[in-house]
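Visitor: The structure that follows is given in the form of structure tokens.
Protein chains in written order, with the working numbering: chain A, 2 to 121; chain B, 533 to 643.
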């Protein structure tokens with residue numbers, strides 16, 4: 002089945018530093034990937050939609066200069082948390098849809114296993 | 533306002549028992565409804581996807597139903613196992629890639 006790999010699984014960084022999280026589709030091409038944030042005991046909150054070869058689309062209230070997204074290839078999207086602060090500590094998850102265009106709208110989303118970010 | 537509400541918030545059942553989780557939505561228009569299982573500290577895994585014309589779909593011991601008229605869905609788990617302990621998330625799409633997540637139901641299966 003379709004596999005999405007997310008790396009790292011855990012990262013601890015100091016306040017003010019930047020952290021990059023990678024999301025790879027291992028056995029399929031993902032034109033579109035999604036980035037979410039999840040707080041404890043809450044559901045996922047979509048942060049942005051990452052489109053290969055173009056700028057990401059950010060949800061309302063998500064700072065695009067804070068959360069930099071790059072989708073340079075059909076199998077890799079990265080999320081960089083810039084100048085991280087303790088309030089950025091959270092569980093970040095990516096997903097990708099199998100298929101392209103309208104076919105993928107009703108296809109399953111394949112999620113990575115998430116990255117636990119702790120900013121000290 | 534597009535919303536997805538799940539109930540109960542949490543549920544404890546004994547191993548081997550059945551249970552049903554509910555999802556009510558006010559999303560419009562409607563494209564599809566998905567159920568996901570999320571183990572603690574992991575990404576969600578797809579269980580079922582239903583479009584407007586489908587009113588039931590099974591995946592092993594998981595059976596999802598959809599009533600598009602009343603905008604309700606349920607996820608029925610048969611003969612629960614300890615490994616079913618997880619959060620179950622209902623996600624509704626109004627079209628395209630747009631998705632609206634429910635808060636999830638946390639299921640605890642006890643021996």
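Idealized CB from N, CA, C, for every residue including glycine.
Helix, strand or coil for residue 52/A per DSSP?
Guide: Three-state DSSP puts residue 52/A in a strand.
Visitor: Entirely within the region 9-62 of chain A and at least 3 residues each: give me those beta strand (DSSP E) ranges in chain order.
Guide: Runs of the beta strand (DSSP E) inside the region 9-62 of chain A: 11-14, 20-26, 33-39 and 46-52.
Visitor: Measure from the C-beta of residue 635/B to each C-beta in chain A and report whether the shortest distance is under 9 Å.
Guide: So yes, residue 635/B belongs to the interface.
Visitor: Do you know whose CA, among 539/B, 615/B and 583/B, lies nearest residue 628/B's CA?
Guide: Here the closest residue by C-alpha is 583/B.
Visitor: Since I believe residue 611/B is in contact with residue 550/B (beta carbons under 8 Å), could you give me their beta-carbon distance rounded to a whole number of angstroms?
Guide: Residue 550/B to residue 611/B, Cβ: 7 Å. Contact.
Visitor: Taking all protein chains shown into account, decide if residue 4/A is buried (16 or more other Cβ within 10 angstroms of its Cβ) or exposed.
Guide: By the neighbour-count rule (16 or more Cβ atoms within 10 Å), residue 4/A is not buried but exposed.
Visitor: Contact between the region 567-575 of chain B and the region 617-626 of chain B: three or more CB pairs below 8 Å?
Guide: Touching, yes.
Visitor: Using the three-state DSSP reduction, which class does residue 66/A fall into: helix, strand or coil?
Guide: In this structure, residue 66/A counts as coil in the three-state DSSP scheme.
Visitor: For residue 564/B and residue 47/A, what's the separation of their Cα atoms in angstroms?
Guide: Between residue 564/B and residue 47/A, the C-alpha separation is close to 17 Å.
Visitor: Pair every Cβ in the region 584-592 of chain B with every Cβ in the region 79-95 of chain A, then say whether three or more of these pairs are closer than 8 Å.
Guide: In short, these stretches do not touch, since the Cβ pair count stays below three.
Visitor: When the Cα of residue 83/A is compared with those of 66/A, 9/A and 75/A, which residue comes out closest?
Guide: Ranking 66/A, 9/A and 75/A by Cα distance to residue 83/A puts 66/A first.
Visitor: Please confirm whether residue 35/A and residue 96/A have their CB atoms less than 9 Å apart.
Guide: Yes, the pair counts as a contact, with Cβ atoms nearer than the cut-off.
Visitor: To be precise: take each residue of the region 570-585 of chain B, compare its Cβ to all Cβ atoms of chain A, and keep it if any distance is under 8 Å. Which residues remain?
Guide: Listed by position along the chain: 573, 574, 575, 576, 577, 578, 581 and 583.
Visitor: Can you check whether the C-beta of residue 544/B is within less than 9 Å of a C-beta belonging to chain A?
Guide: It does not; no Cβ of chain A falls within 9 Å.
Visitor: Could you compute how far the alpha carbon of residue 545/B sits from the alpha carbon of residue 613/B?
Guide: If you take the alpha carbons of residue 545/B and residue 613/B, they lie about 10 Å apart.
Visitor: Compare the C-alpha of residue 542/B against each of 548/B, 560/B, 533/B and 553/B and name the closest.
Guide: Checked all of 548/B, 560/B, 533/B and 553/B; the closest Cα to residue 542/B is 553/B.
Visitor: Can you give the Cα-Cα distance for residue 80/A and residue 624/B, rounded to whole angstroms?
Guide: Cα to Cα, the separation comes out at about 25 Å.
Visitor: Confirm, please, whether the CB-CB distance from residue 538/B to residue 631/B is below 9 Å.
Guide: No, the Cβ-Cβ distance between residue 631/B and residue 538/B is not below 9 Å.
Visitor: I want to see whether chain B comes within less than 9 Å of residue 47/A, judged by CB atoms only; does it?
Guide: With 9 Å as the cut-off, residue 47/A counts as an interface residue toward chain B.
Visitor: Report yes or no: is there a C-beta of chain B within less than 9 Å of the C-beta of residue 94/A?
Guide: Yes, contact with chain B.
Visitor: Suppose contacts are defined by Cβ-Cβ distances below 9 Å. Is residue 25/A in contact with residue 55/A by that definition?
Guide: No, the Cβ-Cβ distance between residue 25/A and residue 55/A is not below 9 Å.
Visitor: Using C-beta distances below 7 Å, list every residue in its chain close to residue 597/B, excluding the 5 sequence neighbours before and after it, in chain order.
Guide: So the list reads 587, 588, 605 and 606, once near-sequence residues are dropped.
Visitor: Compare the beta carbon distance of residue 51/A and residue 22/A with 9 Å and say whether it is the shorter of the two.
Guide: Contact flag unset, no.
Visitor: Ignore the nearest five residues each way along the sequence and tell me which others in residue 556/B's own chain have a CB closer than 7 Å to its CB.
Guide: Around residue 556/B: 537, 603 and 604.
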